[in-house]
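Working notes, structure below.
Protein chains: 4
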Amino acid sequence: MLDELHEECGVIGIYNGENVARNVCMGLYALQHRGQESAGFAISNGEKIRVRKSMGLVSTLLREHNVDELQGFAGVGHVRYSTTGSSTLANAQPILISCKWGQLAIAHNGNLTNAAELREEMEEAGHIFQTTSDSEIFLHEIARTQAPNLKEAIKKAISKLTGCFCMLILSKDTLYVARDGFAFRPLSIARLGNSWCVASETCAFDLLGANYVRDIQPGELLTITKEGLQSETFTQKGRLAHCIFEYIYFARPDSKIFEQSCDKIRRKMGKQLARECPVDADIVIPVPDSSTTAALGFARESGIKFEIGLLRNHYVGRTFIDPTQNVRSQKVRLKFNPIEGVLKGRKVCVVDDSIVRGTTLKILSKMLRDSGALEVHIRIASPPVAHACYFGMDFPNAGELAASSMSPQEIAKMLGVESLGYLSIAGMKECTSAPSDYCAACFDGIYPEYIGKEAGKFSCG
Amino acid sequence: MLDELHEECGVIGIYNGENVARNVCMGLYALQHRGQESAGFAISNGEKIRVRKSMGLVSTLLREHNVDELQGFAGVGHVRYSTTGSSTLANAQPILISCKWGQLAIAHNGNLTNAAELREEMEEAGHIFQTTSDSEIFLHEIARTQAPNLKEAIKKAISKLTGCFCMLILSKDTLYVARDGFAFRPLSIARLGNSWCVASETCAFDLLGANYVRDIQPGELLTITKEGLQSETFTQKGRLAHCIFEYIYFARPDSKIFEQSCDKIRRKMGKQLARECPVDADIVIPVPDSSTTAALGFARESGIKFEIGLLRNHYVGRTFIDPTQNVRSQKVRLKFNPIEGVLKGRKVCVVDDSIVRGTTLKILSKMLRDSGALEVHIRIASPPVAHACYFGMDFPNAGELAASSMSPQEIAKMLGVESLGYLSIAGMKECTSAPSDYCAACFDGIYPEYIGKEAGKFSCG
Amino acid sequence: MLDELHEECGVIGIYNGENVARNVCMGLYALQHRGQESAGFAISNGEKIRVRKSMGLVSTLLREHNVDELQGFAGVGHVRYSTTGSSTLANAQPILISCKWGQLAIAHNGNLTNAAELREEMEEAGHIFQTTSDSEIFLHEIARTQAPNLKEAIKKAISKLTGCFCMLILSKDTLYVARDGFAFRPLSIARLGNSWCVASETCAFDLLGANYVRDIQPGELLTITKEGLQSETFTQKGRLAHCIFEYIYFARPDSKIFEQSCDKIRRKMGKQLARECPVDADIVIPVPDSSTTAALGFARESGIKFEIGLLRNHYVGRTFIDPTQNVRSQKVRLKFNPIEGVLKGRKVCVVDDSIVRGTTLKILSKMLRDSGALEVHIRIASPPVAHACYFGMDFPNAGELAASSMSPQEIAKMLGVESLGYLSIAGMKECTSAPSDYCAACFDGIYPEYIGKEAGKFSCG
Amino acid sequence: MLDELHEECGVIGIYNGENVARNVCMGLYALQHRGQESAGFAISNGEKIRVRKSMGLVSTLLREHNVDELQGFAGVGHVRYSTTGSSTLANAQPILISCKWGQLAIAHNGNLTNAAELREEMEEAGHIFQTTSDSEIFLHEIARTQAPNLKEAIKKAISKLTGCFCMLILSKDTLYVARDGFAFRPLSIARLGNSWCVASETCAFDLLGANYVRDIQPGELLTITKEGLQSETFTQKGRLAHCIFEYIYFARPDSKIFEQSCDKIRRKMGKQLARECPVDADIVIPVPDSSTTAALGFARESGIKFEIGLLRNHYVGRTFIDPTQNVRSQKVRLKFNPIEGVLKGRKVCVVDDSIVRGTTLKILSKMLRDSGALEVHIRIASPPVAHACYFGMDFPNAGELAASSMSPQEIAKMLGVESLGYLSIAGMKECTSAPSDYCAACFDGIYPEYIGKEAGKFSCG
Ligand SMILES: Nc1ncnc2c1ncn2[C@@H]1O[C@H](COP(=O)(O)OP(=O)(O)O)[C@@H](O)[C@H]1O
Ligand SMILES: Nc1ncnc2c1ncn2[C@@H]1O[C@H](COP(=O)(O)OP(=O)(O)O)[C@@H](O)[C@H]1O
Ligand SMILES: Nc1ncnc2c1ncn2[C@@H]1O[C@H](COP(=O)(O)OP(=O)(O)O)[C@@H](O)[C@H]1O
Ligand SMILES: Nc1ncnc2c1ncn2[C@@H]1O[C@H](COP(=O)(O)OP(=O)(O)O)[C@@H](O)[C@H]1O
Ligand code: SF4
Ligand code: SF4
Ligand code: SF4
Ligand code: SF4
Ligand SMILES: [Mg+2]
Ligand SMILES: [Mg+2]
Ligand SMILES: [Mg+2]
Ligand SMILES: [Mg+2]
């Protein structure tokens, strides 16, 4: 499934290291799939924090700035999700400010559900806003809080937030790490020699050679100083609400997400799907790369041969010729090419991770058929997406979701395929270790928390 | 005199016009000499304000942004002075914020003398700062002021400021214009068809074909709406303190500054200099272009022939090869070339507008002598600069000012010239219409107003 | 296997089409894997040929030039291979010249083995060279040939060339297509509505929706005019010498190469490898993406489970932080990440397409072991590369080829793996339809043609 | 007079120096007024010649390339004139080629009158052209000439050229310098320590601190090697034909042109003009900067006061907002602003260097009048331009020249001025030392040499 979901963001923080800026950027490379709109990092040398940001990929950041120019012992980095409209450098992260607590740099992944209320209240109280990101709201909250010290101010401030957030706050000498009480998004900590490393996904640790220690706890505020770690709990919700969609699509399969291997869960989902929706097909093929693992699981469980029937072009990125007729179709063809030899005369079962709008799958199905597939069966390794997400994922409006207005049969017809099968909600949850610890609101409509007004406005960082 | 003084900033605002963005940028071209570090403009279409900024010249701004993309009926523009160090896009103007009064864009020329106190107080009160510019302080002040409406908030806010400021504040429907009570920097208003145009210098009006109406008054807050102008006085100081250095160097000679033609005053200063410091020379030459007018006056009064003995290269800008030995000297030679035929065998009187460090004049004097000048006499159309400016001009530290530690004789020796003469302070003031209305603190050390702590930190905008 | 082989080039030509420039660029996207150094296209409108080129990827070409600006009815495009040193825009293709035959644009994929002799002879005869590419040599040859018309001149000129070439020559009204007599590199023709499309690989046809017609014949000169195709044979060699390495690594698996599906051959090689070098392992994993097909074949034949144990990062491109220690290792880690859950406690068989230097595989093997692989067995779906290529592929110097100085056992030891197996030369050839029609010189040292002096200097285009 | 004349080119060569690339670029800064379209340099280290070029100003060249990267002992540089249409990097100079004489880099200022014939002949003989510049023709001629050595080849080759040229040809060990037999354009040589420096204008020597030695002789080929200079004469024309327009407008006044100070001649022309066309005016003002010297001469001779009544903006360059109505007028207003205080109530005599189309002067005249000038009298320090130039200057087509279809009275009327006076042809010539040594064809229509077909196509370099 492509181009239909916008990722949230990715964050990384390193404390007490060498070549901090360089390592932060390496880590951002590993998190790049979580955001392609802008990238940035902020480094403290103990005296002063400095920041560098660019629109675009981490590779652009590295081209536009000399990464070795900012020397320091601690740093935070951020990749921001990609949308079209309002993308400006002002909204890129980390945001660096100065306030009564000195300089603070923030890198934030998430979406506050009470952002609008907080912002209104703050404007009323005389604050000014220079960006449209949630993170600025939070910075105001820290800055205006009456507290004996910065840590207490952060604690008070995050207590007021609802929604989902993974926050790294760098002061000139300390790195604060906070995760919301539902623990919607992944956030882990690792050890790299004498330094600490915090990141959205553990694949960043692998790249840096850091050793995974544990996940940040729900409602935990971690304070990292030269003296070491200090942990406190600032909130306790009655339950957890890990985003199950991380397993389905967002996270990289090589990451350990919510303390479980993403790859393993994704594979289980493929197997469960094979059990729930068996198919009579000659081959199973994935829509590469995000559904490859699930397809492998499906093939294993069903006993049907796994094949590579669609090739993913390595070079299709953002830059594209101006829209004309057939552009969407051409974009899909640029990204994927069917392998006739694999498909011709076969009954093909295509496994994809999810269906959002369904436009891509519709084009792909036609391409498969044009390449000689006798039948096209689609199996989706997740349930129908039918509701909005208010916790960091940028789904299209409910109206555009295929499953909000169509039954699976209708969707199958729209896609022009022989059959379509979705994983069940229960089946999906059972692939995880503790089904009740997960949010599945976009599937089942059960939101773990009250959603404030205007919360629909997605905002990462 | 070159490369030794950093200009302050230039501002322009247009209300109720057509092609507002385009005209704002044209106006910025005319104000470019007031700031070459960054340029920007903000345009309101009545619903929303949008902003575009670039590091560098107005020509870069026009290359990087499509000026016709931002349609609207009112706009403000800004060129920022050039320093080396801390120049970042974040500090570029206009600054656009959102607060309880809605969106506000500010373009500001000046230097607040109580910026540090205000900032400290605000940080204490919980505000955050994303730039290091004075303008952000002022925006906070407006945002946090309790007042029945935006105009009252602005009035209250500017009443707290000390120092020098010319401010344009654009809300989505109104343009507010304010000038400090001493009226340090020039700010005028003109009529262009049905629209109003406010600018730092009247040369911008000439370019746009707008008709000069009057100067903004000291301590005046002007509110420009669809209904027209509304004027109020928010402060009254006992005296005026126009910056006399505007006449000497800053302003373009074709501008009407403080209601007088800059060219006329500059010429008078040249004449007065000729009376005060006569010279026995064959020719009078200017250091082009800033001292040309004074040199013409000197030549006229003294009866000595005016000549062009130094050529100014049209193409020497910011980009320069990396420093090596002799770079400063090479930089001067790149900018100016002596004309041997004019100089050879002549006793040359060089008129310059001012001496700050004296390094350029030292190199120029040697160049003149190498080109065959028999004698080099220097006449400066202003008194010795011996004190810091806290009102918007970026002098070097007192320690680097030639006149702070050397007598004119010593300076003449350092420059290696036959004689050196400065205009007297009294003589300078008498060239203006009302000597007591001017600040001359950098010459005489008499500051019109109490200077707060850290005020020395220059900040334009 | 990555970063050790430089691809040759890719060419495309379209005659009589609509949106020719746009379609040429789309086609180049599909050929991007054949060259990432520069991209370009030339378009004829019947009156005049114009050219656009950029250093970098097709996406850069599209960003730097307005592709719709060049309207015309015929065009040629080119992507050039990537090396570090001598890459300049001057060497980018197509090259556009003017000569007695009018304007000619050339796009060329290959390597002339008598380039040095021809160039020397031409310089002697008074010609000048502005690039270091073989194509310029050929253009000179056309220009200086005495012939009744351009077609005859081309025919005479190509008769003098030895080595490998696929050439597209665009005059203002005609497209000439030529392929060397050994048919080293792939070149095919397709029909798209009323237009003809010629390209290095058929995956470009798929993207454009063009229908494959046939391959250009060995020694064929095809003349495409408004009247249609005209075919002639300009040379006949006693044999064919298709580059077998196209199947192994170069070509995209979804292309039909030398009239056979690349994917099918690659799969057969994987199966044959499994038969020749069986392994005792729990899982088979590819080094994605180029060896995935062979690994699938290996897994199928051996009955060992196919798994994805290495993830390929979608975002690792050219831009990289400056070299420091461990850079090569970090570069490999950036590109590939092991999935611990798949590898831990398993005996792993890694299938790769080829070994050139072996440096990447060495790092990968260590990464696999660090992720818990109990044993690492390597199976290479091609024989040891031990000789230079003079026909369009940029191998490292013989001295750097692992297999030129080490036996497989020694290489296994160097790689630090339990076992290493290569496909046999005979086994490899038997996977093709007609073993004797292929060049395998880099494996067996049997060059199909005399190699001139200095021919080692690789030159694509 | 502005924007109506395109300069030719400027060349510089340095042999045997240190920091050659850097010094070549410094010299190009001084020659920038001779060409603003592209800039480039080529450096030999004795083994190899390398080249760097950019579209735009020397400042762009320095920004885009690291000037210290190319180390060597000899180099040539070039600035190319500015036109709109066909400007491409391919046409930028120096052009670097390889031929039987090895690598050659050429920097060329001029215009060959037999270019079309030569090119046709060469294409017939089998040569290919990759640019549209005359220099490539010349390089072909050198390359194809049968001669015992490079010097003889150059000698033979330049003997075939007609028209005007100043050529620098750098081989890996030698710098060749040639000037056409009429010596149309200036070219001089200077000594800088142990090195030789050749440049279009002596102002480049001043900047580098080099000492002027002499002009290159008409028809001279100078060979500069480690052994020193060797001079030969390759052609002898019956007469000289220095371009008199160099004095009038092209050259910088601080240069010694044709062994005379440009400033002196320009001043004499101003005086002569005052004698020939007296005026009843209160003030004399120049159109800065190119007519300032002539205006000073006019003022001196006439006894009328010299004033600065028009200010030239330092920042108006190439970048400009897209054309709309009134653009030309706005462009003039951007470049020049009248000083009302100087003009109001005065009878103004404006001195300009020449009239080509007259459009700028028309706008300026109106601006002066709008600023209160009572009368506007125009005096032109050259005769009416009525004929095309085929020797390196890019005049508009004859049809667009004001003087080709209008009498001075009619032009005065078109300009809307009280009076208009031109310098006479005889008067102009008498200001030089040897009137008969000059070309004045654009004034008097007497071309020193036969003009070949298509010669009208201007081509610098
Ligand atoms: N190499 C890979 N193999 C399998 N899945 C991957 C790989 N890289 C990324 N993914 C999955 O695909 C998702 C989207 O990746 P991305 O690189 O942005 O590509 P897409 O264009 O398909 O959205 C990731 O979040 C991850 O789940
Ligand atoms: N064309 C001109 N003629 C005379 N004076 C000028 C002109 N342009 C600018 N100036 C004066 O020179 C000052 C500095 O101008 P600027 O263009 O920045 O050049 P500089 O490099 O000399 O500082 C201006 O503030 C103005 O007083
Ligand atoms: N999506 C794909 N799936 C399988 N093989 C591919 C794919 N894309 C490219 N290849 C193969 O890998 C080779 C190299 O591809 P390239 O994109 O340049 O990546 P690499 O960085 O691995 O060299 C191609 O020539 C082709 O054989
Ligand atoms: N500083 C100067 N003073 C006087 N004349 C100059 C100066 N610089 C250039 N010129 C003259 O003006 C001509 C054109 O200069 P250029 O910088 O291109 O400006 P323009 O835009 O006026 O054409 C030069 O060839 C020279 O004769
Ligand atoms: S609504 Fe869906 S995407 Fe959003 S957090 Fe819940 S499971 Fe994740
Ligand atoms: S101190 Fe000098 S420069 Fe500053 S405002 Fe006063 S007169 Fe102007
Ligand atoms: S030597 Fe090898 S790479 Fe080269 S053409 Fe022959 S088989 Fe292909
Ligand atoms: S025609 Fe005019 S511009 Fe051309 S060379 Fe002769 S005098 Fe110079
Ligand atoms: Mg994605
Ligand atoms: Mg200045
Ligand atoms: Mg590759
Ligand atoms: Mg010019």
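Protein chains in written order, with UniProt numbering: chain A, 1 to 461; chain B, 1 to 461; chain C, 1 to 461; chain D, 1 to 461.
Cβ coordinates follow ideal geometry from the N, Cα and C atoms, glycine included.
At least one heavy atom of ligand 3 is found less than 7 Å from the C-beta of C:R252.
Annotation for B:D289: R312 place their beta carbon closer than 7 Å to its own, counting only its chain and skipping 5 residues before and after. Of the candidates A:Q32, A:R300 and A:D352, the residue whose Cα lies closest to the Cα of A:L423 is A:D352. For B:P286, the pairing in a beta bridge is given by DSSP as B:V351. Under the DSSP assignment, A:F138 falls in the alpha helix (DSSP H) whose first and last residues are D134 to R144. The secondary-structure analysis by DSSP pairs A:K53 across a beta bridge with A:G40.
Here C:W196 is bridged, per DSSP, to C:Y15 and C:R191. For A:F391, the shortest separation between its Cβ and any heavy atom of ligand 5 lies below 7 Å.
With a cut-off of 7 Å, the C-beta of B:L311 is classified as near ligand 4, since at least one heavy atom of the ligand falls inside that distance.
Only those residues of the segment 251–268 of chain B whose C-beta falls short of 7 Å from the nearest C-beta of chain D are listed: R252, P253, D254, S261, D263 and K264. Counting C-beta atoms within 10 angstroms of its own C-beta, C:D68 has fewer than 16 neighbours from the protein chains shown and is therefore classed as exposed.
The three-state reading of DSSP puts B:R252 in coil, since its state is none of H, G, I, E or B. When distances are taken from the beta-carbon of C:I244 to the heavy atoms of ligand 7, the shortest one is below 7 Å. When rounded, the separation of the alpha-carbon atoms in B:Q146 and A:D134 is 25 Å.
Under the 8 Å criterion on CB atoms, C:Q130 is classed as non-interfacial with respect to chain A. Within the segment 7–40 of chain A, the residues whose Cβ lies closer than 9 Å to some Cβ of chain C are N19, R22, C25, M26, Y29, A30, Q32, H33 and Q36, listed in chain order. By the Cβ neighbour-count rule, A:S59 is buried, with 16 or more other Cβ atoms within 10 Å of its own.
Taking the C-beta atoms as reference points, A:T432 is found nearer than 8 Å to A:I244.
The alpha carbon of B:K48 has as its nearest neighbour, out of B:I154, B:A39, B:L31 and B:D173, the alpha carbon of B:D173.
Look at A:H108: its C-beta is not under 8 Å from any C-beta on chain B.
Within the segment 190–218 of chain A, C203, D206 and L207 place their CB atoms closer than 7 Å to a CB of chain C, listed in sequence order. Distances from the alpha-carbon of C:Q103 to those of C:Y247, C:V350 and C:G75 put C:G75 closest. With a beta-carbon spacing of about 10 Å, B:R275 and B:G297 fall beyond the 8 Å limit used to define contacts.
Annotation for A:A157: the continuous alpha helix (DSSP H) segment containing it runs L150 to S159.
Sequence-distant Cβ neighbours of C:M26 in its own chain, meaning closer than 7 Å and more than five residues away, are L207 and L208.
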